[in-house]
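Notes to accompany the following structure.
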Amino acid sequence: MEETFYITTPIYYVNAEPHLGHAYTTILADSLSRFHKMQGKRTFFLTGTDEHGDKIMQSARERGEDAQEYADRVSRQFRELWPELNIDYDRFIRTTDPDHVACVQRFLQLVYDNGDIYFGEYGGYYCFGCERFFTEKELEDGNCPDHQKPPEYIQETNYFFRMSRYQEWLRGYIQDNPDFIQPERYRREVLAMLREPLDDLCISRPKSRLEWGIELPFDSGYVTYVWFDALLNYISALGWPEGEDYVRFWPAAHHLVAKDILKPHAIFWPTMLRAAGVPLYRGLRVHGYWKVHEEKMSKTLGNVVRPLELRSKYGLDAFRFFLLREMQFGHDGNFSEEGLIGRFNADLANDLGNLFSRCLAMTGKYFGASAPPHPDDLDLEREDEELLQLGRDYLEKYLQCFEAVHTAEALEWLMEFVRGVNKYIDTTAPWSLYKQGYTQRLQTVLALALASLRRIALALRPVMPDASHTMCEQLGLDLGSLDVDLRQECSEWVFLSEGTRVAKKSNLFPRQELKLEREGAGEGKHASGQKKNKAGKEKAESKQGSESEQTPEIDFTDFQKLDMRVGRVEGASPHPDADRLLQLEVDAGEGYTRRIVAGLAEAYSPQDLVGRHVTVLANLKPRKLRGVTSHGMVLAVHGEQGLSLLAPDQVVSPGDKIS
RNA sequence: GGCGAGGUAGCUCAGAGGUCAGAGCAUGCGGCUCAUAUCCGCAGAGUCGGGGGUUCAAAUCCCCCCCUCGCUACCA
């Protein structure tokens, strides 16, 4: 049977431009796809965009576009970016593609018919004081624990997927199949999640609230929400259920995701597949984030690392190499241009590039740039044998690590081999063989060196397609007829045919200096928004089904109902029973101080606040927050960079009215 | 607060009971001159977060504590 490999990236949510996080996942997927293809497998590489949902509606509306126009535009940004990064996908799927829509509806119908989708039964105990639902377990003697009065039973009319039914089965499956979720730390994390009871999944939104989505096949009043749309791309792209590609590739499916969407992929998706009677994917591979660590000179805020900027600054291959070389799979990685340059100079310029340069220059000088004859086994000396062994061992390790998505480790082994070849050349010292006229020995040494370059060039093809191409050209390899099987390449040494014309010199990776003058170069405070692709969506997926609705217009009289004024913080202390809350004593010009509980603890310590002027919403109904009653609210901005208090920019007095 | 993951050389990390704890980068010294001021060799450096325990033996297992990150609750 033909061996296959199917790799996917998440479909990216089109509410933001592509950034480093997207680029990493996609480049990794691309290199894995190429890697498996180079082992003679038939591969399918899928990426695409996720285009439904209310965030898209909102973003579109803000720009005065309709949702489809907006989605078209942003989706195009992704689709057009990938070829620039040498991403060679087999399909770019959009959740607005007609075949995807049809597939989603079919899948929904199937699960519905199987009885795992139910309507509105989700009744909840809702406390109006808390404005939230409680599970029965949370209630104390049937009362709301905060308000000590019985909550009301109200019903949400939505459709739910009976996910809880598959909890135990899934736990067992993950338990029994260690390779299903990797790295191990994420597997453990999922098992931990599964120790807690699983809620059923709300999978619909009434059209009255959200129309930008795929209509439920069994109720035209609703569209499906998020997961039964987005996750299904992985099979709809293959033409599930009877498509040829589906039959061929689905059994070899590997999903590549960042850790923020672990839960949907590790829990929602397998249970959905199970409910529909579809076999599970083969493996989930989870990676961490790129952290962009701060550099104080940066004053720009939006420090999103733009892949194309880096490409044009340092070259695409350097960029791809760095991402795969530096990120320990499963861990978070640190991105910085210094790091990129450091890596580039150490590995690519000094070790690898210079190796090519010295070998080709010597072949040029000593043999007129034509490959020497194959060495005779009988002539091999100890260091030759050692090099051959090194080439086999390290390439084997390279392949194993790459297979397991441990690209950093894989490339480390490859560099180890590169260093080994450098050492071999130092030990054998071809220049002195030449001077002494030991021609035959010189031929052997350079033949081995050139064969080493060949292995390295081929091994790097999945990571740096362009540079690999150039290396092959310099080695006079006939790329058209070159049919490489990496595994075979690993066990057998192939020498350049005698007389092959090779380049006289090589300057693959000239050393680079740091170029940081311009702002927006990539350094900055925090990891840009690489979690933005889906994280926001998952949050919106709470059991209360409370997605943010469009903010309606209000009259001025509505505004006048707000009693907003300046207050001065007279005292502040941590909330006794909540990590993120502070209790403040605020002078709002009333002759006494009022206690306000505010969620500021993550950004401000109590002593930071005392004496500061803040904006107070004074006539907000008092409310108990985790046991402490708050009289009003302190206004703050929730920006990308975190939390920031809203304050007047000139001297004012407590109690001054805001209008 | 609950759950999870981490804290190992100046930096980035590997190692998960057993020879003196490892690699790359950075630093210092030496060698070579084919090469992109590159390469090769040697060296220094670490109370393996802190404290207790189990063991002939602990970075590794157990308990407690401290710090960082993530999810989660309270931030209307």
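Oh and the first sequence: position 625 is 1304 in this note's numbering, straight run, nothing missing. Yeah, the Cβ is synthetic: ideal placement off N, Cα and C, and Gly gets one too. A quick note: this is a predicted structure, and the numbers were derived from the prediction, not measured.
When C-alpha distances from R1022 are compared across W969, A1048, L1090, the shortest belongs to L1090. The C-beta separation of F928 from V783 comes to about 19 Å, leaving the pair out of contact by the 8 Å criterion. By the criterion of at least three beta-carbon pairs nearer than 8 Å, the stretch 855-869 is not in contact with the stretch 911-928. The alpha-carbon separation between S1131 and Y925 amounts to approximately 40 Å. Counting of Cβ neighbours within 10 angstroms places D745 among the exposed residues, the total staying below 16. Distance from Y1283 to H933 at the Cβ level is roughly 44 Å; contact not present, criterion being Cβ atoms closer than 8 Å.
Within the stretch 996-1035, the complete beta strand (DSSP E) runs of at least 3 residues fall at 1012-1014. The continuous beta strand (DSSP E) containing W969 extends over residues 969-971. Inside the stretch 720-803, DSSP marks whole alpha helix (DSSP H) runs of 4 or more residues at positions 733-741, 746-763, 777-792, from first to last along the chain. Its chain contains S1185, N1186, L1187, F1188, P1189 as the residues whose beta carbon lies nearer than 8 Å to that of G1032, once the 5 sequence neighbours on both sides are disregarded; these appear in chain order.
Counting only unbroken stretches of 4 or more residues, the alpha helix (DSSP H) elements lying wholly within the stretch 833-894 are 846-855, 863-872, in sequence order.
V1316 counts as exposed, since fewer than 16 other C-beta atoms from the protein chains shown sit within 10 angstroms of its C-beta.
The alpha-carbon separation between Y1271 and P1333 amounts to approximately 11 Å.
For the 7 Å CB-CB criterion, Y865 and V965 form a contact. Listed as beta-bridge partners of S1309 by DSSP are R1302. In the three-state scheme derived from DSSP, where H, G and I count as helix and E and B as strand, Y691 is classed as strand. Following the DSSP letters along the chain, one finds R964 in no alpha helix (DSSP H) but inside the beta strand (DSSP E) bounded by residues 962-966. Within the stretch 1075-1159, not a single complete beta strand (DSSP E) segment reaches 3 residues in length.
A distance below 6 Å between beta-carbons, with the five flanking residues on each side excluded, links V753 to the following residues of its chain, in chain order: V693. I690 is a Cβ neighbour of D729, given a cutoff of 7 Å.
Among the bridge pairs identified by DSSP, Q718 is matched with none. Per DSSP, the unbroken beta strand (DSSP E) holding Y901 starts and ends at 898-903. Take the alpha-carbon of D1256 and the one of G1306: they are about 8 Å apart.
Distance from the CA atom of G794 to the CA atom of S1323, rounded to whole angstroms, is 48 Å.
For F723, the closest alpha carbon among the candidates L1161, P930, V780, V905 is that of P930.
Here the alpha carbon of G1311 sits roughly 6 Å from the alpha carbon of P1301. Spatial neighbours of F897 in its own chain (CB-CB distance under 7 Å, excluding positions within 5 residues in sequence) are listed in chain order as Q788, Y791. The Cβ neighbour count for V1124, taken over all protein chains shown within 10 Å, is at least 16; the residue is labelled buried. In the structure shown, the three-state DSSP call for P986 is helix. Rounded to whole angstroms, the gap between the alpha carbons of L910 and H944 is 8 Å. Around the CB of T687, 16 or more other CB atoms lie within 10 Å, so the residue is classed as buried. Residue T1086 holds the alpha-carbon nearest to the alpha-carbon of F1001 among R1180, T1086, I946. A contact is defined here as three or more CB-CB pairs under 8 Å, and the stretch 1145-1163 fails this definition with respect to the stretch 1093-1113.
Pairing E1171 with T1106 gives a Cβ-Cβ distance that is not under 7 Å. Between A1280 and L1261, the C-beta spacing is below 7 Å.
The three-state secondary structure of S1049, taken from DSSP, is strand.
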